[in-house]
Amino acid sequence: MRRPFIAGNWKMNMTHLQAISFIQDLEYKYSNKNNCEVAVCPPATSLKSVKTIIDSDNIDIKLGAQNMYYESSGAFTGEISPEMLKALGVEYVIVGHSERRQYFGETNNIVNKKVKAAFNAGLKPIMCVGESLKVRESGKAEEFVLSQIEECLNGINEESIIDLTVAYEPIWAIGTGKTATSKDANDVCLVVRRKIGEIFSKKISEIIRIQYGGSIKPSSISDLMNMSDIDGALVGGASLEVDDFIAIINY
Ligand code: 13P
Numbered sequence: 002m003r004r005p006f007i008a009g010n011w012k013m014n015m016t017h018l019q020a021i022s023f024i025q026d027l028e029y030k031y032s033n034k035n036n037c038e039v040a041v042c043p044p045a046t047s048l049k050s051v052k053t054i055i056d057s058d059n060i061d062i063k064l065g066a067q068n069m070y071y072e073s074s075g076a077f078t079g080e081i082s083p084e085m086l087k088a089l090g091v092e093y094v095i096v097g098h099s100e101r102r103q104y105f106g107e108t109n110n111i112v113n114k115k116v117k118a119a120f121n122a123g124l125k126p127i128m129c130v131g132e133s134l135k136v137r138e139s140g141k142a143e144e145f146v147l148s149q150i151e152e153c154l155n156g157i158n159e160e161s162i163i164d165l166t167v168a169y170e171p172i173w174a175i176g177t178g179k180t181a182t183s184k185d186a187n188d189v190c191l192v193v194r195r196k197i198g199e200i201f202s203k204k205i206s207e208i209i210r211i212q213y214g215g216s217i218k219p220s221s222i223s224d225l226m227n228m229s230d231i232d233g234a235l236v237g238g239a240s241l242e243v244d245d246f247i248a249i250i251n252y
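Counting the sequence shown from 1 gives a position; this note's numbering is that position plus 1.
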């Protein structure tokens, strides 16, 4: 049985002061009736402040980062290494988000390096994949996503891979208010799981969690979570509203 995993991707929102008051409010109202694993992924500038509050209140919310570089240290101005995140108490890191692919030129090859670097540093990557509207309309969504899976997971060893989460985020559903139907989302998650089974083993494919992301709202989460191969959600906009995020956790 895979434990449901709900993560909030705050994207480039909130100063660290706003993040502090947000996480305090979230903790105050927090409930988790499904015993989900829950993570928040604030911008790098808020990681330390959020971690301090979560730890001092001893609440079971995990910390994730939104990005990292794949080198450990060196002359890479502006970048943050996996080891730096680990030292802050970060557990998860989002890699290959479509916004990073689209605006910052992140390729499957770079995502692959980041997944490996995350594992080397003891971080758990949430690896995003997903097709554009053009690809979906051409009927090649599954093929496209599977090639992302293959390239991004190239050369990763079996011991590490169990800590991977895949987030299927169709680009056309992100921030648009258009959620994929539960069936369409599940169809892609199912083929992703099968592909992971082919690359690694059936056992591993049954352990790895696959999240859906894209315009998730309290009203759409239950149907998605009822599907056979959707194990959680990567929530953008709705994770910035305390009440909505809690409603999603308690789908
Ligand atoms: P929205 O929920 O705002 O569509 O964002 C989804 C997303 O990109 C999460 O990573």
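Think of the CB as a built atom: it goes at the ideal place given N, C-alpha and C, for glycine as much as any other residue. All of these numbers come straight from a predicted model, not from anything done at the bench.
By the Cβ test, the stretch 106–125 is in contact with the stretch 76–94, since at least three Cβ pairs between them sit closer than 8 angstroms.
Distance from the C-beta of Asn-14 to the nearest heavy atom of the ligand 13P is not below 6 angstroms. In this structure, DSSP gives Ala-122 a state outside helix and strand, which the three-state scheme calls coil. Annotated three-state conformation of Val-130 is strand, per DSSP. By the CB criterion at 7 angstroms, Phe-6 and Glu-28 fall outside the cutoff.
Ranking Met-13, Leu-241, Ala-118 and Asn-158 by CA distance to the CA of Ile-200 puts Asn-158 first.
Put simply, the backbone Cα of Thr-46 is about 22 angstroms away from that of Val-112.
Between Asp-26 and Val-236, the C-beta gap is not smaller than 7 angstroms, which leaves the two residues out of contact. In terms of Cα proximity to Glu-72, the closest of Tyr-104, Ser-32 and Lys-117 is Lys-117. With fewer than 16 other beta carbons inside 10 angstroms of its own, Gly-156 counts as exposed. At least one heavy atom of the ligand 13P lies closer than 6 angstroms to the C-beta of Leu-235. Uninterrupted beta strand (DSSP E) stretches at least 3 residues long and entirely within the stretch 227–251 occur at 233–236, given in chain order. Residue pairing of Asn-10 in beta bridges, as defined by DSSP: Cys-42.
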